[in-house]
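Structure record follows, encoded as structure tokens.
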Amino acid sequence: MMVSGCLVAALCDLLCFPMPRIFTGLEIPAAICRELSMLRGGLPGARWIDPENYHVTLRFIGDVDDEVASEVASMLGIVRRTELELRFDVLTSFGGRRPRALVATMAPTQALMDLQAEHERLMRRVGLDAEGRKFTPHVTLARLRESSSRQVANYLSARVLFGLLPFRVSRFVLFSSRASVGGGPYIVEAAYPLAA
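Here the numbering used here is used: position 40 in the sequence shown is 856, and no number is missing along the way.
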């Protein structure tokens, strides 16, 4: 397991008031982030996520104290999985008639779904409540507050995910974030390699 600095000390430093949120996820390569960033603009009311904050959330953990954060970080170290190949599926929105996010979904491969399920099991062992939502792997591109369903439909009808090649992921990470407008910045607190 690779960590950014001394894991326990770093997490303890971060977990002073106000506490950060933590979650596990997959990083998106810089070249893919640049391609996704070309989708920015043209949607009134969208708050665009900075490309350096694009990621796929595996398991949202939330605001926890330093003891739980340390236990989570330690528990993730037992995961033994192989590298993943990820590919994008569709550009869509979440929220139905009241769209709340513009997202690029990932194809739900068996390896990806198994990795997320293992994270879910491990977080339950730590004592966290079960995740209430079905896992839909995605990268959030924008948060939507003022965008109408018609505006979102018009935006989506004029754009598609094309030219984005599959890419390999050789690690998952434990991210932290502070409450902020638009999401991020996200900090990698610990990295866990996936076998080649």
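Using N, Cα and C, we set each Cβ at its ideal position, and we do this for glycine too.
None of these values were measured; they are calculated from a predicted model.
Check	Outcome
Beta-carbon contacts of residue 900 that lie in its chain and below 8 Å, excluding the five residues immediately before and after	842, 925, 927, 928, 931, 984, 985 and 1010
Residue 875 (DSSP reduced to helix, strand or coil)	strand
7 Å Cβ shell around residue 858 - same chain, five flanking residues per side excluded	971
Beta-carbon gap between residue 957 and residue 851 smaller than 8 Å	no
Other residues of its chain near residue 862: CB distance less than 7 Å, five sequence neighbours each side excluded	918, 958, 960 and 963
Residue span of the alpha helix (DSSP H) that contains residue 884, given as start and end	882-892
Option in 860, 944 and 904 with minimal Cα separation from residue 969	860
Reference residue 864, options 876, 950, 952 and 849, closest by Cα	849
Residue from 840, 870, 909 and 836 whose Cα sits closest to the Cα of residue 847	870
Cutoff 6 Å; reference residue 837; Cβ partners in own chain excluding five residues on either side	878, 879 and 993
Buried or exposed (CB count within 10 angstroms, at least 16 for buried), residue 989	buried
Sequence-distant residues of its chain with Cβ nearer than 8 Å to residue 946 (five each side left out)	936 and 940
Short CB-CB distance (under 8 Å) between residue 844 and chain D	Reference to chain D is not applicable here, since this structure consists of a single protein chain.
Residue 897 to residue 1012 span [Cα, whole Å]	9 Å
Top-ranked residue by Cα proximity to residue 883, from 873, 905, 943 and 912	943
Exposure label - residue 978; buried when at least 16 CB within 10 Å	exposed
Selection from 912, 923 and 1006 that minimises the alpha carbon distance to residue 904	923
Bridge partner(s) assigned by DSSP for residue 920	907 and 955
Same chain, Cβ closer than 7 Å to residue 987, five either side skipped, listed in chain order	1007, 1008, 1009 and 1010
Three-state secondary structure (DSSP) of residue 1009	strand
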